[in-house]
Amino acid sequence: MKFVAVTACPTGIAHSQMAAENLETTAEERDHEIHVEIQGAMGTENEISETQINEADAVIIAADTSVSRSRFEGKQVVKGTVKDAVNNAGDLIDEAVEKAKASGNESANAGPETGGDDESIATEATATEATDRENETGTAAEETRAPRDGLIARLKKIFS
1 MKFVAVTACP TGIAHSQMAA ENLETTAEER DHEIHVEIQG AMGTENEISE TQINEADAVI
61 IAADTSVSRS RFEGKQVVKG TVKDAVNNAG DLIDEAVEKA KASGNESANA GPETGGDDES
121 IATEATATEA TDRENETGTA AEETRAPRDG LIARLKKIFS
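Heads up, the sequence shown is in our numbering, so the first residue is 1 and it goes up one at a time.
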């Protein structure tokens with residue numbers, strides 16, 4: 001299967017890079033193609049083209065900041081945090097495979113779906129975001145403390 005992914009975090013120095021590398025490695029191990037765009041403080045790296053979006057079976061967004069989804073309309077979207085992509089990229093890819101299969105949106109897709117599916121995708125994405133927020137109790141407080149803790153301390157928190 002083919003996937004596109006976006007990783008994004010407020011600083012975009014280390015975490016987004018690690019998440020992108022882990023998604024790429026895990027997808028390759030499972031014989032999937034993936035193109036990962038990295039968004040951070042320094043801008044966007046490895047930007048996803050319209051052609052890549054059209055050919056993708058699903059979209060993975062691993063972000064701790066807001067990511068515009070308008071260019072992914074009609075695509076199955078899997079939402080997770082950067083930490084999810086660093087620690088459990090396989091779970092995100094498995095979920096993307098399941099969503100692509102369930103929608104019948106496997107490779108050879110000529111373009112975005114149209115019709116009433118957009119509303120269900122928006123509802124599904126909102127439900128997924130709500131679940132993500134419930135699963136991340138205390139994360140917002142940790143993020144507000146993170147800048148004074150320094151990069152090493154934040155990395156230790158992520159991997160603990």
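By construction, the Cβ of each residue, glycine as well, lies at the ideal position given by its N, Cα and C atoms.
Secondary structure note for Gln76: it is in no beta strand (DSSP E), with a DSSP letter that is neither H nor E. Between the C-alpha atoms of Ile158 and Arg30 there is a straight-line separation of about 25 Å.
With the rule of 3 Cβ pairs closer than 8 Å, the region 1-11 counts as touching the region 89-101. The beta carbon of Lys83 is closer than 6 Å to those of Ile158 in its chain, skipping five residues each way along the sequence. Shown here, His35 sits in a strand according to DSSP, grouped into three states. By the 16-neighbour rule on beta-carbons within 10 angstroms, Met42 is exposed. If you draw a 10 Å sphere on the C-beta of Asn22, you find 16 or more other C-beta atoms in it, and that means buried. Out of Glu55, Ile61, Asn46, Ser49, the CA that lies nearest to the CA of Val86 is found in Ile61.
For the set Phe72, Gly104, His32, the Cα lying nearest the Cα of Gly90 is the one of His32. A straight line joining the alpha-carbon of Glu37 with that of Glu45 spans about 6 Å.
The beta-carbon separation of Asp64 and Ala20, rounded to 14 Å, does not stay under the 8 Å limit for a contact. The continuous alpha helix (DSSP H) containing Glu29 extends over residues 15-29. Taking the Cα positions, Val6 is about 16 Å away from Asp94. Annotated as proximal: Gln76 and Ala58, with beta-carbon spacing under 8 Å. For Glu45, no alpha helix (DSSP H) segment is defined; the enclosing uninterrupted segment is the beta strand (DSSP E) at 43-45.
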